[in-house]
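Counted the way full-length UniProt numbering counts, the sequence shown spans residues 1 to 652.
A virtual CB, placed ideally from N, CA and C, is assigned to each residue, including glycine.
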Amino acid sequence: MISRTTIDNVFETARVEEVIGDFVQLKKSGSNFKGLSPFTDERSPSFMVSPVKQIWKDFSSGKGGNVVSFLMEHEHFTYPEAIKFLAKKYGIEIEETEQTPEDKIQANERESLYLVSEFAKEYFHNTLLKTEEGKAIGLSYFKERGFTDETIKTFKLGYSPDSWDAFTSHAIKKGYKLEFLEKTGLSIVKEEKQFDRFKGRVMFPILSMSGRTLGFGGRILTSDKKAAKYLNSPESDIYHKSKVLYGIFNAKQSIAKEDNCYLVEGYTDVIQFYQTGIHNVVSSSGTALTSEQIRLINRLTKNITVLFDGDAAGLRASLRGIDLILEQGMNVKICTFPQGEDPDSFSRKNSFEDVTLYLEENAKDFITFKASLLANEAKNDPIKISETIHDMVNSIAKIPDVIKREVYIKECSRIMDISEQVLFNTLAQIFQKDKKEAAKKTKVQQESFEVIPTEKKIQKIDVQLQLEQKIIELLLLYGNVEEDFEDLILDVDEKGEISLKPEIHKARVFEKIYLDLQDDEIEFTNPEFKNLYFEVVNRFNQDPEAKAETFINDLKPEMATAVTHILMEEERYTLSNWERKEIYVKEKDKTIAQMVSETILNLRRHLVSQKINELSEEMKEGKIAEVDSGLQEIVDYISLKKVLSNKLNRVL
1 MISRTTIDNV
11 FETARVEEVI
21 GDFVQLKKSG
31 SNFKGLSPFT
41 DERSPSFMVS
51 PVKQIWKDFS
61 SGKGGNVVSF
71 LMEHEHFTYP
81 EAIKFLAKKY
91 GIEIEETEQT
101 PEDKIQANER
111 ESLYLVSEFA
121 KEYFHNTLLK
131 TEEGKAIGLS
141 YFKERGFTDE
151 TIKTFKLGYS
161 PDSWDAFTSH
171 AIKKGYKLEF
181 LEKTGLSIVK
191 EEKQFDRFKG
201 RVMFPILSMS
211 GRTLGFGGRI
221 LTSDKKAAKY
231 LNSPESDIYH
241 KSKVLYGIFN
251 AKQSIAKEDN
261 CYLVEGYTDV
271 IQFYQTGIHN
281 VVSSSGTALT
291 SEQIRLINRL
301 TKNITVLFDG
311 DAAGLRASLR
321 GIDLILEQGM
331 NVKICTFPQG
341 EDPDSFSRKN
351 SFEDVTLYLE
361 ENAKDFITFK
371 ASLLANEAKN
381 DPIKISETIH
391 DMVNSIAKIP
401 DVIKREVYIK
411 ECSRIMDISE
421 QVLFNTLAQI
431 FQKDKKEAAK
441 KTKVQQESFE
451 VIPTEKKIQK
461 IDVQLQLEQK
471 IIELLLLYGN
481 VEEDFEDLIL
491 DVDEKGEISL
501 KPEIHKARVF
511 EKIYLDLQDD
521 EIEFTNPEFK
531 NLYFEVVNRF
541 NQDPEAKAET
551 FINDLKPEMA
561 TAVTHILMEE
571 ERYTLSNWER
581 KEIYVKEKDK
591 TIAQMVSETI
601 LNLRRHLVSQ
611 KINELSEEMK
621 EGKIAEVDSG
631 LQEIVDYISL
641 KKVLSNKLNR
651 VL
């Protein structure tokens, strides 16, 4: 059995548009890609791929899902075969284990770490905004940096009290286990004592691409020279700093839309840029750039612009990260700020228009930037010039695209005033050396695949199933949206007449649906929808701002297809270009409250009809002892059905 770690790594690394692009010719369409269906014979494209959501949908055949489901549909792979194919493509080591009871406990432990981290994020944020110490120290610091209330809320910035165990004690009182507080690194345990790791620091939550809280960065505000200025969460089962980019959750949609990612060094660089209006920005959080971090960006765009501050001291070391970017076939530009400025200070002093103009005018292609930097260091020293040229050719050798390599060789030849032939010969020597080293490391692995039996698909489609599916659709598309809902209160007058009295209240869609189904004691009849319903509601309860696409990878293929169809509904309309034909589709998000209320009313009406039929059958078969009582119950249900039908503008 393939380990969960390997599967998670595959989903984090694989890019749906890149994998599908090997099988289908895709063209850019806004922030998405479209192409001809690989499953049907068609002339107009109906196949859509969303890099941001990391899902695909074929509207001609109805198929859809994530990167793994595409390989299962197109290449007829089993689930493990698809995982292994992707692991091989992206150079991921496969771990195969037999799941033991201990493995199951470990999976539960990971979820506990996520819950503790989420609790900590809310605690630090509330401490910043609602306590005297938090406002006086933490909030004052952020305000001095120029952060607005909206920015502080967006990035969930926080403050950890300057007390040895304020957070730890509070978390334990709330029922969180010390074991998980220690494993996340939020608490330090020494013998019988517990301490807060981030005591007296302003807090920067670090989120995954799907929005889960992985860890924290904390900045000290005192001038204590013994304490580190910035402190990050230690490595844990959920936080690996080499695989995380600060700001990726807030930036991902803008990166895909702008088709470019700005890469900066620190937390405040990201936040100031975002506040200025430049949202496609992330940070490696002070660590050296890694291949895993680059792959996160590569899922969203092929273009990276690396921003350095005016201090050139660390530029040479930072150039190693540029080679990693080139190695993954990405396009990279570099932009430096004036002496003494960094992205944080520069964006604070300038408007959105000025910052964007500066970036456009000063971002240089990597080869031009590297050549000027290294040439300045080499000056007229022949040995250093030779080393500089070798350094540049080594970078060009990292580029997988042959045409790009040749273009850069020509540019390098022009800049350094050396013949192209010499550079091509040097490039060939590098490739020959790499080939020999790779041959030594190559190991042939025998791959064995675990066959997973295909589960039977649900055949019967009835009214209740359709209504349950509609509820799931509303939750996935609009679960976190807040609306004004009309609650219908059942009222019986002195004559026994039944009516519904409306009351208006504000609630999120998931709260409205959950409470209404709870009040009526309505249970889903379809087991898949039932499980999905509780999964979605549980996610929203933990994080009201959760996105549906964050948990699609955990679903079975048939359910993932249904969910994908719902999530790609908006993209389906873009295929038809209705606006060009002067046909304007009604926007669903304008009638969310109405759709939710009507769906719940329809479900109630359907269940009342079922009850009437059941009671009528029991009367016929003589199963009801008191006939008058049974008839009265049927009459009452018919009255209720009439009220619900009137509300829905229906006739019986």
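Handout entry: 7 angstroms Cβ shell around E450 - same chain, five flanking residues per side excluded
Key = Unreliable placement is indicated for E450, whose pLDDT of 47 sits below 50; the coordinate value is still reported in the next sentence. So the list reads M1 and P80, once near-sequence residues are dropped.
Handout entry: Start and end residues, alpha helix (DSSP H) containing K343
Key = At residue 343 the sequence reads Pro, which differs from the Lys that was named. Here the alpha helix (DSSP H) through P343 covers P343 to K349.
Handout entry: Check whether T301 and C261 have beta carbons under 8 angstroms apart
Key = Yes, these two residues count as a Cβ contact at 8 angstroms.
Handout entry: Beta-carbon spacing of P205, K156 below 8 angstroms
Key = In contact: P205 and K156 (Cβ atoms closer than 8 angstroms).
Practice task
May I have the straight-line CA-CA distance separating R414 from K379, to the nearest angstrom?
Solution key: The alpha-carbon atoms of R414 and K379 are separated by roughly 17 angstroms.
Problem - Validate contact between the segment 318 to 326 and the segment 269 to 283 using beta carbons, cut 8 angstroms, 3 pairs - result: They do not touch, by the three-pair rule.
Practice task
Measure from the alpha carbon of L357 to the alpha carbon of each residue in D365, F366 and S347, then state which is nearest.
Solution key: Measuring from the Cα of L357, the nearest candidate turns out to be S347.
Problem - As assigned by DSSP and simplified to three states, the class of G215 - result: Strand, per DSSP.
Practice task
Determine the closest residue to I325 out of T305, P338 and G340, with distance taken between C-alpha atoms.
Solution key: Nearest C-alpha to I325: T305.
Problem - Residue burial classification, V281 (beta-carbon count within 10 angstroms, cutoff 16) - result: V281 comes out buried.
Handout entry: 6 angstroms CB neighbourhood of S254 in its chain, flanking five on each side removed
Key = Closer than 6 angstroms at the Cβ level, and outside the excluded window around S254, lie H279 and N280.
Problem - Beta-ladder partner(s) of T305, from DSSP - result: According to DSSP, T305 shares a beta bridge with Y262 and K333.
Exercise for the section: Could you please give me the residues that DSSP links to S187 through a beta bridge? Expected result: Bridge partners of S187 according to DSSP: D196.
Exercise for the section: Locate the alpha helix (DSSP H) running through N9, then write down its first and last residues. Expected result: Residues R4 to T13.
Problem - Pairwise C-alpha distance: E73 and T368 - result: Approximately 45 angstroms, taken between the alpha carbons.
Problem - Separation of K435 from L113, as counted between CA atoms - result: Cα to Cα, L113 sits roughly 43 angstroms from K435.
Practice task
For the alpha helix (DSSP H) holding V608, just list the boundary residues, first then last.
Solution key: In the DSSP assignment, V608 falls within the alpha helix (DSSP H) that extends over I592 to K620.
Practice task
Inspect the beta-carbon positions of T13 and R212 and report whether they are closer than 8 angstroms.
Solution key: No, these two residues do not count as a Cβ contact at 8 angstroms.
Exercise for the section: Return yes when the Cβ of I137 is within less than 8 angstroms of the Cβ of I83, no when it is not. Expected result: Taking 8 angstroms as the cut-off, the Cβ atoms of I83 and I137 do not count as close.
Practice task
Quick one: grab the DSSP three-state call for I55.
Solution key: In this structure, I55 counts as strand in the three-state DSSP scheme.
Practice task
Go ahead and label S242 buried or exposed: buried means 16 or more other beta carbons lie within 10 angstroms of its beta carbon, across all protein chains shown.
Solution key: By the C-beta density criterion, S242 is exposed, having fewer than 16 other C-beta atoms within 10 angstroms.
Handout entry: Sub-8 angstroms separation of K53 and L567 beta-carbons
Key = Taking 8 angstroms as the Cβ cut-off, K53 and L567 qualify as a contacting pair.
Problem - Cβ-Cβ distance between K546 and N602 below 8 angstroms - result: Residue identity check: residue 546 is Ala in the sequence provided, not Lys. No, Cβ-Cβ distance for A546 and N602 is not below 8 angstroms.
Handout entry: Inter-residue spacing [alpha-carbon to alpha-carbon] between I634 and R604
Key = Approximately 16 angstroms between the Cα atoms of the pair.
Exercise for the section: Examine the Cβ distances between the segment 141 to 159 and the segment 118 to 128 and report whether three or more of them are shorter than 8 angstroms. Expected result: A contact is defined here as three or more CB-CB pairs under 8 angstroms, and the segment 141 to 159 meets this definition with respect to the segment 118 to 128.
Practice task
Report yes if the CB atom of T184 is closer than 8 angstroms to the CB atom of S117, and no otherwise.
Solution key: Yes, these two residues count as a Cβ contact at 8 angstroms.
Handout entry: 8 angstroms Cβ cutoff, S29 in contact with chain C
Key = The structure shown contains no chain C, having only a single protein chain.
Practice task
Express the C-alpha separation of P527 and K404 in angstroms, rounding to a whole number.
Solution key: If you take the alpha carbons of K404 and P527, they lie about 53 angstroms apart.
Problem - Rounded C-alpha distance that separates E387 from P45 - result: Distance between the alpha carbons of E387 and P45: 51 angstroms.
Problem - Sub-8 angstroms separation of N215 and D162 beta-carbons - result: Sequence check: residue 215 is Gly here, not Asn. No; because the gap between Cβ atoms is not below 8 angstroms, this pair is not in contact.
Exercise for the section: State yes or no: is the C-beta of A371 within less than 8 angstroms of the C-beta of M392? Expected result: Yes, the Cβ-Cβ distance between A371 and M392 is below 8 angstroms.
Handout entry: DSSP-derived helix/strand/coil call for E523
Key = In the structure shown, the three-state DSSP call for E523 is coil.
Exercise for the section: For V67, collect the residues of the same chain with a Cβ closer than 6 angstroms to its Cβ; drop the 5 residues on either side in sequence, then sort them by chain order. Expected result: Around V67, the same chain offers A14, V16 and V19 as residues with beta carbons nearer than 6 angstroms, after the five sequence neighbours per side are excluded.
Practice task
Using the DSSP secondary-structure output, state which residues sit across from I206 in a beta bridge.
Solution key: Beta-bridge pairing links I206 to G215.
Exercise for the section: Please say whether E571 and N232 have beta carbons closer to each other than 8 angstroms? Expected result: In terms of Cβ geometry, N232 and E571 do not form a close pair [threshold 8 angstroms].
Practice task
State the DSSP-derived secondary structure class of V451, mapped to helix, strand or coil.
Solution key: Residue placement at V451 is poorly supported in this model, since its pLDDT is 45, which falls under 50; the coordinates still yield a value, given next. Looking at V451 - three-state DSSP - the assignment turns out to be coil, as it is neither helix nor strand.
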